[in-house]
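Asks: This is the structure, below, for whatever I ask next.
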Amino acid sequence: MKRIIGIIIGCMLCWEGEAQFRSFAGPASANQQLIEEAVQKGLFIVRQSYQLEDTAAETPAYYGREGKPYFGQLYSLAARLKGGYVIDGRLLTPWAEDVHFDEYRNSTQYRPVISQTAYRNIGEKTYQPLGFRVENRDTLEKGSVLLVKDSLFSEGFSLWEEEGICKGWIVLAVGEKPLSESDSVSLSLMIYRTEINREAGKSLYEIKAPYTALSVVGGVYIYP
7 MKRIIGIIIG CMLCWEGEAQ FRSFAGPASA NQQLIEEAVQ KGLFIVRQSY QLEDTAAETP
67 AYYGREGKPY FGQLYSLAAR LKGGYVIDGR LLTPWAEDVH FDEYRNSTQY RPVISQTAYR
127 NIGEKTYQPL GFRVENRDTL EKGSVLLVKD SLFSEGFSLW EEEGICKGWI VLAVGEKPLS
187 ESDSVSLSLM IYRTEINREA GKSLYEIKAP YTALSVVGGV YIYP
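Count along the sequence shown starting at 1, add 6, and that's the number in my numbering.
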């Protein structure tokens, strides 16, 4: 597979202006076809669910919200690596930015606990269980991009850590709705060429964004 320099979660990178882009559904060069093949196998979506635990209950008691088995959920684009995968570090605490959890943040009785971790491939809609273990992760970037060691995936990207000018591709996963509104929404991929000057100690870069009315789930910068 191709080497991946960084993973873009939501708006981790600052996008400005417009850029030419090409959908995988349209004509593609030989290089773009190679990128497509690598990305289709290498990207997936992780869904992290949590519940509220009543610590005052005599027996373990866990609660969801609005009749659902979970209180809240958070989604992340993830990329397969050899021997693991990379995700957004916010998945460690999916309640941190959840407004529905605000009234319980200072509670001594209720505390949030991870209840389920699941994933689905870009071209699929059904989620499968993912054995996520917090102790198996390493922090890759200051932007809380995490490397999770896992034997679930036998092949994937490798991390590109060299400095200098990189002439690669931005690949974005997009859908008609945000995953928070419909987690089974069909996703497609957009790709465009861009250059990044990788510098020591720098983890955030400004890039030009393609014009799209679709919801951007996230993306990766791929260097061939």
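Glycine residues also receive a C-beta, built at the ideal position from the N, C-alpha and C atoms. Since the structure is predicted, the reported quantities are computational estimates derived from the model, not experimental observations.
(1) Could you say if the stretch 175-192 and the stretch 91-108 meet the contact criterion of at least three C-beta pairs nearer than 8 angstroms?
(2) Counting C-beta neighbours from all protein chains within 10 Å, is the total for Ala-85 16 or more, i.e. buried, or is it exposed?
(3) Based on the DSSP output, what are the partners of Leu-49 in its beta bridges?
(4) Curious, which full-length beta strand (DSSP E) runs of at least 3 residues does the stretch 178-226 contain?
(5) Determine the contact status of Leu-83 and Gly-224, defining contact as a CB-CB distance below 8 angstroms.
(6) What whole-angstrom Cβ distance do Tyr-81 and Leu-193 have, given they're in contact under 8 angstroms?
(7) If you draw a straight line from the C-alpha of Thr-61 to the C-alpha of Tyr-69, how long is it?
(8) Can you find a C-beta in chain D that's less than 8 angstroms from the C-beta of Pro-216?
(9) Taking one C-beta from the stretch 208-220 and one from the stretch 154-161 each time, how about it: are there three or more such pairs within less than 8 angstroms?
(10) Give the DSSP-derived three-state secondary structure of Phe-163 in the structure shown.
(11) Going by DSSP in three states, Ala-25 sits in which element: helix, strand or coil?
(12) Classify Asp-104 as helix, strand or coil using the three-state DSSP reduction.
(13) Reducing DSSP to helix, strand and coil, say where Thr-114 ends up.
(14) Just the Cα atoms here: how many angstroms apart are Pro-75 and Gln-122?
(15) With DSSP as the reference, please indicate the residues paired to Arg-126 in a beta bridge.
(16) What residue does the beta strand (DSSP E) around Lys-155 start on, and which one ends it?
(17) When you compare the CB positions of Gly-95 and Val-151, do they come within less than 8 angstroms of one another, or not?
(18) Would you report the Cα separation of Gln-115 and Glu-59, rounded to the nearest angstrom?
(19) Can you list, in chain order, the residues of its chain whose CB lies under 7 angstroms from that of Tyr-133, leaving out five sequence neighbours each side?
(20) Between Val-154 and Tyr-91, is the Cβ-Cβ spacing less than 8 angstroms?
Replies: Let's see:
(1) no
(2) The residue you call residue 85 lines up with position 79 of the sequence shown. So Ala-85 counts as buried.
(3) Mapped onto the sequence shown, residue 49 falls at position 43. Beta-bridge pairing links Leu-49 to Ala-85.
(4) Along the length of the stretch 178-226, whole beta strand (DSSP E) runs at least 3 residues long occupy 193-204, reported in chain order.
(5) Reading the sequence shown from its first residue, position 77 is the one you call residue 83. Reading the sequence shown from its first residue, position 218 is the one you call residue 224. The answer is yes: Cβ separation under 8 angstroms.
(6) Residue numbering aside, residue 81 sits at position 75 when the sequence shown is read from its first letter. Residue numbering aside, residue 193 sits at position 187 when the sequence shown is read from its first letter. Leu-193 and Tyr-81 do not touch by the CB rule: their CB atoms are close to 11 angstroms apart, not below 8 angstroms.
(7) Here residue 61 refers to the residue found at position 55 when the sequence shown is read from its first residue. Here residue 69 refers to the residue found at position 63 when the sequence shown is read from its first residue. Their backbone Cα atoms lie some 11 angstroms apart in a straight line.
(8) Reference to chain D is not applicable here, since this structure consists of a single protein chain.
(9) no
(10) Reading the sequence shown from its first residue, position 157 is the one you call residue 163. Three-state result, Phe-163: strand.
(11) Locating residue 25 in the sequence shown gives position 19, where the first residue counts as 1. Note that Ala-25 scores 34 on pLDDT, short of 50, meaning its location in the model is unreliable; the coordinates nonetheless yield the value given after this. Coil.
(12) Counted from its first residue, the sequence shown places residue 104 at position 98. Correct three-state label for Asp-104: coil.
(13) Walking along the sequence shown from the start, residue 114 turns up at place 108. It is coil, neither helix nor strand.
(14) The sequence position of residue 75 within the sequence shown is 69, counting from 1. The sequence position of residue 122 within the sequence shown is 116, counting from 1. Using only the alpha carbons, I get a separation of about 10 angstroms.
(15) Mapped onto the sequence shown, residue 126 falls at position 120. BP columns for Arg-126 point to Ile-51.
(16) Counting from one through the sequence shown, the residue named residue 155 turns up at place 149. Residues 151-155.
(17) The residue labelled residue 95 in the question sits at position 89 within the sequence shown. The residue labelled residue 151 in the question sits at position 145 within the sequence shown. For Gly-95 and Val-151, yes; Cβs fall inside 8 angstroms.
(18) Residue numbering aside, residue 115 sits at position 109 when the sequence shown is read from its first letter. Residue numbering aside, residue 59 sits at position 53 when the sequence shown is read from its first letter. Gln-115 and Glu-59: Cα-Cα distance of roughly 8 angstroms.
(19) Within the sequence shown, residue 133 is the residue found at index 127, counting from 1. If we look at Tyr-133 and ignore the five residues flanking it on each side, its Cβ neighbours are Arg-53, Ala-124, Tyr-125 and Arg-126.
(20) Numbered from its first residue, the sequence shown carries residue 154 at position 148. Numbered from its first residue, the sequence shown carries residue 91 at position 85. Yes, they are a contact pair.
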